[in-house]
Amino acid sequence: MKDTFKHRGLRRQLLLELKEKGIDDQKVLEAINQVPRHLFFLKNFEQFAYEDKAYPIESGQTISQPYTVAFQTMSLEIKPGEKILEIGTGSGYQGAVLSKLGAEVHSIERDEKLFHRTAQLLSELAIPIKCYLGDGTKGLPSQTPFDKIIVTAGAPDLTDALMQQLRVGGKMISPVGDKNVQKMILAKKTSSNNYSYQDLGTFKFVPLIGEHGWKN
Ligand code: SAH
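Mapped onto numbering that gives the first Met the number 0, the consecutive letters of the sequence shown carry residue numbers 0 to 215.
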């Protein structure tokens, strides 16, 4: 598992591309610069790791596009020490970027194979993310409240059970729509039962499957 001069060069190119597309948060760009995305790839796709595209990982899932990872991260305005819940660990790449920003990351994955593979990879890379196997639509009641929640699979609705696990002043970002295309919704908890919402545009994620998600 190597991060070579060539990989670092490709990463700098990717950063320029992300800047051109509107990612102007220097801390987020620096976090992306610190995560060797190719190490989160399946071997046969590794050469494409620094293209700004989503790619297949195990179990028919995908590693999110770098632009999407940067966009969701930037929208949440992560500060060091914040407690973050991620739904959909997948490859672990998004969680790694959050962790490089100094956040305390808790991440849930429903697919057993991905959970084991990613938990092991993150430990080999010494990236301190707490990984959980289970249905992320129920959140993580034992760890509430969270400063921020990031959903990285497409949900049919903003999941109530998750919003309740935010602290007042906290934010949740989630793609919401049908199984093919979603709107990126940023919700802010303004008081214990009130939220404000922003629609940040159209994105495309694999479906969120679970009790408060799609049934299959
Ligand atoms: N954040 C990931 C994106 C992975 S794709 C990355 O950076 O690579 C979305 C992931 O969400 C898939 O791995 C899928 O298995 C998972 N997922 C879907 N529904 C879920 C649920 N209810 N709970 C936890 N994970 C879920």
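No residue lacks a Cβ here, since even glycine has one placed at the ideal position from N, Cα and C.
- For Y131 and E108, the gap between their C-alpha atoms comes out near 6 Å.
- In this structure, E50 has its CB at a distance of at least 7 Å from all heavy atoms of the ligand SAH.
- The residues T61, I62, S63 and Q64, in chain order, have a CB closer than 7 Å to that of A53 in the same chain once the five nearest residues on each side in sequence are set aside.
- With contacts defined by Cβ atoms closer than 8 Å, I149 and I83 form a contacting pair.
- Given a length threshold of 3 residues, each whole run of the beta strand (DSSP E) inside the segment 127-183 is given here in chain order: 129-132, 145-150 and 165-176.
- Bounds of the alpha helix (DSSP H) holding L28 are Q25 to Q33.
- One alpha carbon belongs to Q197, the other to Q181, and they sit about 14 Å apart.
- For the pair E81 and V96, the Cα-to-Cα distance works out to about 14 Å.
- Selection T143, L9, P35 and L13 evaluated against D2 yields P35 as nearest (Cα-Cα).
- For P79, the three-state secondary structure derived from DSSP is coil.
- Rounded to the nearest whole angstrom, the CA to CA distance from E50 to R10 is 9 Å.
- As computed with DSSP, Q197 is found in a beta bridge with L185.
- If you draw a 10 Å sphere on the C-beta of M0, you find fewer than 16 other C-beta atoms in it, and that means exposed.
- Residues H211 of the same chain have their beta carbon placed closer than 8 Å to that of D159, with the five preceding and five following residues left out of the count.
- Around the CB of P55, fewer than 16 other CB atoms lie within 10 Å, so the residue is classed as exposed.
- Distances from the CB of I107 to the heavy atoms of the ligand SAH include at least one below 7 Å.
- For H105, the enclosing beta strand (DSSP E) has its first and last residue at E103 to E108.
- Distances from the CA of G89 to each of G59, E45 and E103 were compared; the closest alpha carbon is that of G59.
- For V68, the CB falls within less than 7 Å of some heavy atom of the ligand SAH.
- For a cut-off of 8 Å, the C-beta gap from M171 to A152 is around 14 Å, too long to register as a contact.
- For Q60, no alpha helix (DSSP H) run applies, since DSSP gives it neither H nor E.
- Checking the 7 Å criterion, the Cβ of L207 is within range of a heavy atom belonging to the ligand SAH.
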